[in-house]
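Residue numbers (our numbering): 1261 to 1462. From the three backbone atoms N, C-alpha and C, an ideal C-beta is built for every residue, glycine too.
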Amino acid sequence: MSTSSSLSASQIITAAALVASSLAIGYAIGVKSATSLSPETSSQAKTPASEDASNVEPQDEGSDSEVEEEDLADGDLSAVKPGYFEQCKLVLVVRTDLKMSSGKIAAQCGHATLACYKALQKTNPQLLRHWERTGQAKVAVKAGSEDELLELEAIAKSLNLCARSILDAGRTQIAAGSRTVLGVGPGPVELVNKVTGKLRLL
């Protein structure tokens, strides 16, 4: 009987050592990858103030859209601070008057999601991490016109929410320069709903 209890104790010690070493290795890998991916240590040189002035993020050459900010400047994106248990979401507002195919809509929503993510990665990484920890909720809703997208973008920016419009490059289905999708957030659900809460699901 004492052999089985000492065997149990040795198994527990072995398991504890294995867990501790796994955690240490995971932590070391996480810290290393986080530092290599952080904007401050990236190998890409940041352009001077001209990049901030234009507020346009270039897409890959093969991309069929680009992000454009127009003349509407961001609010203070770092001011949005969700509560510890507060849910956050990203809303993608899709223009239905353009009659885009489902594949085109998916691509444009992907561009908007990435544009919002990149903007918050630079200005409010804590909010981004909170959104990631709370499930990364994403909701697609309908808008009927470009004017509606512009109005929603202005409201979002006045509330210090991230808002990114996607303009199509015109290589496939629709005319060049068409504003296709507006990404709003990620941000606290209650705050984002002040902008998009009355829109219907896509």
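Asked                                                                                                                             : Found
At least three beta-carbon pairs within less than 8 angstroms, the segment 1383 to 1393 to the segment 1427 to 1438               : no
Distance CB(Glu-1406)-CB(Val-1353) smaller than 9 angstroms                                                                       : no
Rounded C-alpha distance that separates Gln-1487 from Val-1340                                                                    : Because the chain here runs from 1261 to 1462, residue 1487 falls outside it and cannot be looked at.
Pick from Thr-1274, Lys-1402 and Ala-1375 that is closest to Leu-1358, judged by C-alpha positions                                : Lys-1402
Residue range of the alpha helix (DSSP H) that includes Ser-1338                                                                  : No alpha helix (DSSP H) contains Ser-1338, which DSSP labels as neither H nor E.
heavy atom of the ligand SAH below 8 angstroms from Ala-1435 C-beta                                                               : This structure lacks the ligand SAH, and indeed carries no ligand of any kind.
As assigned by DSSP and simplified to three states, the class of Ser-1302                                                         : In this prediction, Ser-1302 has a pLDDT of 38, which is less than 50 and means its spatial position is unreliable; what the coordinates show is noted afterwards. In the structure shown, Ser-1302 sits in coil (DSSP, three-state: anything other than H, G, I, E or B).
Those residues which DSSP pairs with Arg-1439 across a bridge                                                                     : Leu-1427
One or two residues paired with Lys-1402 in a DSSP bridge                                                                         : Val-1354
Residues that Leu-1461 bridges to, as DSSP identifies them                                                                        : Val-1401
Simplified DSSP state of Ser-1310, which is helix, strand or coil                                                                 : Bear in mind that the predicted position of Ser-1310 carries a pLDDT of just 34, short of 50, making it too unreliable to give a figure here.
Nearest-angstrom Cβ-Cβ length linking Leu-1451 and Ala-1400, presumed shorter than 8 angstroms                                    : Their Cβ separation, rounded to whole angstroms, is 19 angstroms, which puts Leu-1451 and Ala-1400 out of contact at 8 angstroms.
Assigned exposure category for Lys-1349 - 16 Cβ within 10 Å defines buried                                                        : buried
Assumed close pair Thr-1456, Leu-1419 - CB separation to whole angstroms, cut-off 8 angstroms                                     : 11 angstroms between Cβ atoms; not a contact.
Beta-bridge pairing of Pro-1472 - partner residues as DSSP gives them                                                             : What is shown of the chain runs 1261 to 1462, which leaves residue 1472 out entirely.
N- and C-terminal bounds of the alpha helix (DSSP H) containing Gly-1363                                                          : 1362 to 1383
Gln-1271 - DSSP class collapsed to helix/strand/coil                                                                              : helix
With 16 other Cβ atoms within 10 Å as the buried cut-off, status of Arg-1424                                                      : buried
Neighbourhood of Gln-1347 by C-beta distance below 6 angstroms, restricted to the same chain and skipping five residues each side : Thr-1394 and Val-1449
Leu-1427 burial status per 10 Å Cβ neighbour count (16 or more: buried)                                                           : buried
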